[in-house]
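Working notes for the structure below.
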Amino acid sequence: MNIEYAFGYIYRKFAFSILFVFSVNAISGEPDSHKELTQYLDEVRVESTIPAMAVAIITAGEVSYIGGFGYLDEKLTRPTTDKTLFRAASISKLFTAQAIMKLVELKKLSLDDEVGLYIPQLEKSQITIKQLLTHSSGLSDVIRPASVKQGRSLKRYLELVGGAVPEESKSHSFVYSDTNYNLLGEIIRSVSGQRYDAFIYDNIFEPAKIRKSHFYDGSNENLAEAHPTYRGKLIDKLEQRPYDIAFNPSEGLIANVYDLSQWLTLTLNNDPFILDNHSFDAMLVPQVKTTWGEIYMALGWQVYENEYGKVARHPGSIRGYKSLVLTYPDSKNAIIILSNSSDTPRWEIAKSITDILNKSGEW
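According to numbering that gives the first Met the number 0, the residues represented by the sequence shown are 0 to 362, in order.
Here's what the structure looks like:
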């Protein structure tokens, strides 16, 4: 279906209810908890009018459950699978943070370095790399993504951000913004001598054997397969958030749950091909209190405690898409959710999955 002519197209909830289609791979047999999960996930998808959703679960550092629910097309002929590509939105920030830590390991930079050392447009800002990682730079999202047709260069984006830096920018409380991570992406490019996406590919994607997930490269062929929806209706192309290469480090990842599960298992298991164990541990240390209750910003991850232990997470949202990576790092358990709906109750889903697996004893 051509997305340009899809305005007003509605995924039919009635058809979902009748067909109950899903594609799930249970690893090493199918315990009763997985049957309960499959039933719950498809029911919540139907109730929430989510056309396409994919979920992966990691148990003790290994993928234990993975699959897709729903369809990608009006005729209900293309089922969602664990290889279906979604816009992962702010899940991108986890890869950017991990890339920065890789450069720290390589002694190419320090978290206390001022951003102006690497980005001339911000040479007077006194903002540090750590402040960008923890959203404590004082920078907000005054500059929005621009479409390819608008023709804004990365250099121009940096000039605009540089002109928006607050005068008192050395010490700030928490302000979540894409701008922080877009600047981290430019630092990665400046220090490594590679494009941002090339550095991520060489240092994270390749070791994790990620083959299909990617960052937007400016072509119309390089887009998500699952198109964005709101209340079951496809969002018109003109109302979608533009793809902008300057925003790749904060929101440009196009991913499937299979690839994300490959990456996350290596990360949770402290695989040295991704990061050494000291780096990942350092990324989970609380740094800055957020405005979201008892949640703290660590280095890329949002961390807190719940009834099941320490949690490290990052959600993603772009109009028409919602995603979530939620981990229990001490037990190496995790949940990954990708969906093409603004209506996805991701927190409820993650909580229900956690409850089911703890009740069954699997977690």
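Beta carbons are placed, not taken as given, at the ideal position from N, Cα and C, and that holds for glycine.
Being a predicted model, the structure only gives us computed values, none of them experimental.
V160: member of the alpha helix (DSSP H) spanning 153-161, first to last residue. Within the model, the alpha-carbon separation for E250 versus T178 is close to 10 Å. Under a 10 Å Cβ-count criterion, W291 is classified as exposed, with fewer than 16 other Cβ atoms of the shown protein chains found around its own Cβ. Taking C-beta atoms under 8 Å as the contact rule, K331 and L267 qualify, at a distance of about 4 Å. By the C-beta criterion, the segment 181-199 is judged not to be in contact with the segment 304-316, since fewer than 3 inter-stretch pairs fall below 8 Å. Shown here, G308 sits in a strand according to DSSP, grouped into three states.
In terms of Cα proximity to V174, the closest of K82, A53, M296 is M296. Rounded to the nearest whole angstrom, the C-alpha separation of V287 and N255 is 30 Å. For E61, the enclosing beta strand (DSSP E) covers residues 61-69. Counting only runs that start and end inside the segment 225-292, the alpha helix (DSSP H) elements of at least 4 residues fall at 247-250, 256-267, 276-282. Per DSSP, reduced to three states, the secondary structure at F173 is coil, with no helix or strand assignment. Residues of the same chain with a CB within less than 6 Å of the CB of K321, apart from the 5 flanking positions on each side, are S338, T343, R345 in chain order. Beta-bridge partners assigned by DSSP to K129: none are found.
When rounded, the separation of the alpha-carbon atoms in E158 and A145 is 14 Å. When the beta-carbon positions are compared, S340 and P241 stay at least 9 Å from each other. Around the Cβ of P271, a 10 Å sphere holds fewer than 16 other Cβ atoms; the residue is exposed.
Annotated three-state conformation of I186 is helix, per DSSP.
In terms of CA proximity to G69, M52 leads the group G60, M52, I334. Contact annotation, G66 with Q120: C-beta distance approximately 45 Å; criterion of less than 8 Å not satisfied. If you ignore the 5 residues before and after T264, its C-beta comes within less than 7 Å of the C-beta of I57, G60, E61, V62, all in its own chain and listed in chain order. Taken in chain order, the unbroken stretches of beta strand (DSSP E) that lie wholly in the segment 293-344 and span 3 residues or more are 301-305, 308-317, 320-327, 332-338. The criterion of a C-beta distance shorter than 9 Å is not satisfied by H134 and S89. In the three-state reduction of the DSSP assignment, R77 falls in the coil class, being assigned neither a helical nor a strand state. DSSP places A51 in no alpha helix (DSSP H) but in the uninterrupted beta strand (DSSP E) bounded by 51-58. Separation of L138 and F246 (C-alpha to C-alpha, rounded to the nearest whole angstrom) is 15 Å.
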